[in-house]
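So the sequence shown is residues -25 to -1, 1 to 268, counted in mature numbering (1 follows the signal peptide of the UniProt record, and there is no 0). Backbone N, C-alpha and C fix where the C-beta goes; we use that ideal spot for every residue, glycine too. Treat the numbers as computed from the prediction; the structure is a model and nothing was measured.
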Amino acid sequence: MVPKFHHLSCSYTLLLITIFSLSCSTIICQSHLPNTPLDYLKALSGTHKGDKSKGLNKLKEYLKNLGYINSKIPTNKYDDFFDDTLELAIKKYQEFYNIKITGFLDPETVTLMLKPRCGVADLLTTNRTPFRSYYNLSGYSWPPNKRNLTYSLPKDTRKDAYTPIVKALIKWVSVSPFNFTFTDDFENSDVKISFETRDHGDGYPFDGPYGVLGHSFYPTDGRLHFDAEENWKPFAEAGSFYLGTVALHELGHILGLAHSQDEKSIMYAYIGEGENKDLTQDDIHGIKSIYPS
């Protein structure tokens, strides 16, 4: 079936270099990292179980939001002690991202945590796939009678957002049984795409530039939010985030895919500035495992 789309128009020196290189292997080279909402992590590099450090309470909340700490633990119970709960959470995080499992905040772990990413939790399901694949399934899917989905954006949405978003929709259409049709009726559309800031009423507030880039909700919720404070571009360019790449990722969640452990996959949670990614075979296998035909 042909998909329906609208808005398609839419010696001393050497010594210094050596010393600097050795330093970077053991500490976080802060001069190479941009300011992020997680800057407090830079001072926590090297902390381990038994330590007490300011900011560990924030880290616990952060890891809870990503699914690594039991969400039933009240936020006001978090403190600045590096306890067993935090050590276990960090080990789970390191395992998920194929980092050496140390259980403490080693430089490699902190460096990854500081990178911009999707705000959807990494761990939310036991639906792990066979070891030959890295994709994960959320456990949610659109019902069999729902393959023609409508999508909409608020009327005041920036005009340069339409083309990269539509391109992302087309890519998912090409590997799945879905069609997407634009509608002006935002409130009643299946997929609601919008730019939001900070606390925007869904329980998952954004954190400002260079933090959480966006998030979306699994079927059949349909909400997809981009952080309006990020430097978005409708094309891949250094120093900004390509809207098409993040849209392609978030739409994967909309269709039922969870985060992948494969760095090349579009469903990998971390997305860098100027990064232009496409669907990989792992992504395609993932969507086809949810919707075989």
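Nearest-angstrom Cα separation, counted from residue j out to residue i
| i | j | result |
| --- | --- | --- |
| Leu240 | Asp55 | Note on residue identity: the sequence assigns Ser, not Leu, to residue 240. So the alpha carbons of these two residues sit roughly 35 angstroms apart. |
| Lys167 | Tyr193 | 12 angstroms |
| Glu70 | Cys93 | 18 angstroms |
| Lys29 | Pro91 | 22 angstroms |
| Asp81 | Tyr185 | 21 angstroms |
| residue 324 | Thr156 | Residue 324 cannot be examined here, being either before or after the span of the chain that is shown, -25 to 268. |
| Pro180 | Gln256 | 32 angstroms |
| Lys75 | Lys66 | 9 angstroms |
| Thr86 | Gly214 | 18 angstroms |
| Glu83 | Phe57 | 18 angstroms |
| Val141 | Asn40 | 29 angstroms |
| Val150 | Lys263 | 8 angstroms |
| Tyr137 | Lys252 | 18 angstroms |
| Ser46 | Lys33 | 14 angstroms |
| residue 285 | Thr172 | Given a span of -25 to 268 for the chain in the structure shown, any question on residue 285 remains unanswerable. |
| Glu212 | Asp258 | 24 angstroms |
| Tyr72 | Gly178 | 26 angstroms |
| Gly21 | Leu254 | 36 angstroms |
| Ile265 | Ser116 | 7 angstroms |
| Gly249 | Pro119 | 37 angstroms |
| residue 282 | Leu128 | Here the chain has residues from -25 to 268 only, and residue 282 is not among them. |
| Ile246 | Asp202 | 14 angstroms |
| Gly189 | Thr158 | 22 angstroms |
| Val187 | Asp237 | 19 angstroms |
Reference residue i; option with closest CA among the options
| i | options | result |
| --- | --- | --- |
| Phe170 | Phe157, Trp207, Asp196 | Trp207 |
| Arg122 | Asp160, Thr195, Gln69, Leu87 | Thr195 |
| Gly114 | Asp174, Ser191, Leu63, Leu232 | Leu232 |
| Asp135 | Tyr245, Leu63, Gly219 | Gly219 |
| Pro267 | Glu248, Pro152, Pro118, Lys252 | Pro152 |
| Ala244 | Leu63, Ser235, Thr132 | Ser235 |
| Arg133 | Pro49, Glu204, Ala18 | Glu204 |
| Glu62 | Ser149, Ile48, Leu38 | Leu38 |
| Tyr126 | Asn154, Gly247, Leu99, His175 | Asn154 |
| Leu112 | Lys35, His175, Pro49, Met242 | Met242 |
| Thr77 | His23, Ile44, Pro49, Leu31 | His23 |
| Asp160 | Leu31, Gly247, Lys130 | Lys130 |
| Gly25 | Gly249, Gly247, Phe79 | Phe79 |
Cutoff 6 angstroms; reference residue i; Cβ partners in own chain excluding five residues on either side
| i | result |
| --- | --- |
| Asp182 | Pro12 |
| residue 269 | The shown model of the chain, from -25 to 268, leaves out residue 269, and the question about it has no answer. |
| Ser191 | Leu199, Glu225, His228, Ile229 |
| Gly42 | Ala96, Asp97, Leu98, Leu99 |
| Lys27 | Asp55, Phe56 |
| Met(-25) | Here Met(-25) scores only 39 on pLDDT, less than 50, and its place in the model should not be relied on; the value that follows carries that caveat. So the list is empty, once near-sequence residues are dropped. |
| Tyr68 | Tyr43 |
| Leu19 | Ser28, Gly30, Leu80 |
Secondary structure of residue i, DSSP reduced to three states
| i | result |
| --- | --- |
| Val85 | helix |
| Tyr245 | strand |
| Leu63 | helix |
| residue 299 | Look at the range of the chain in this structure, -25 to 268, and you will see that residue 299 is not part of it. |
| Phe163 | Looking at the sequence itself, residue 163 is Asn, so the reference to Phe does not match. DSSP places Asn163 in coil when its eight states are reduced to three. |
| Val187 | strand |
| Leu112 | strand |
| Tyr126 | strand |
| Ser268 | coil |
| Phe71 | helix |
| Lys252 | coil |
| Asn40 | helix |
| Asn10 | coil |
| Asn154 | strand |
| Lys35 | helix |
| Lys27 | strand |
Sequence-distant residues of the same chain with beta carbon closer than 7 angstroms to residue i, five excluded per side
| i | result |
| --- | --- |
| Leu89 | Leu8, Thr11, Leu13, Leu16 |
| Ala64 | Leu38, Tyr43, Ile44 |
Residues near residue i in its chain [Cβ-Cβ closer than 8 angstroms; skip 5 each side]
| i | result |
| --- | --- |
| Pro139 | Pro209, Phe210, Tyr217, Leu218, Gly219, Ala222 |
| Asp165 | Lys121, Leu124, Thr125, Tyr126, Thr195, Gly197 |
| Ile48 | Lys39, Thr60 |
| His175 | Phe181, His200 |
List, from N- to C-terminal side, the alpha helix (DSSP H) runs of 4 residues or more that fit wholly inside the region 196 to 232. Counting whole runs of 4 or more residues, the region 196 to 232 contains the alpha helix (DSSP H) stretches 218 to 230.
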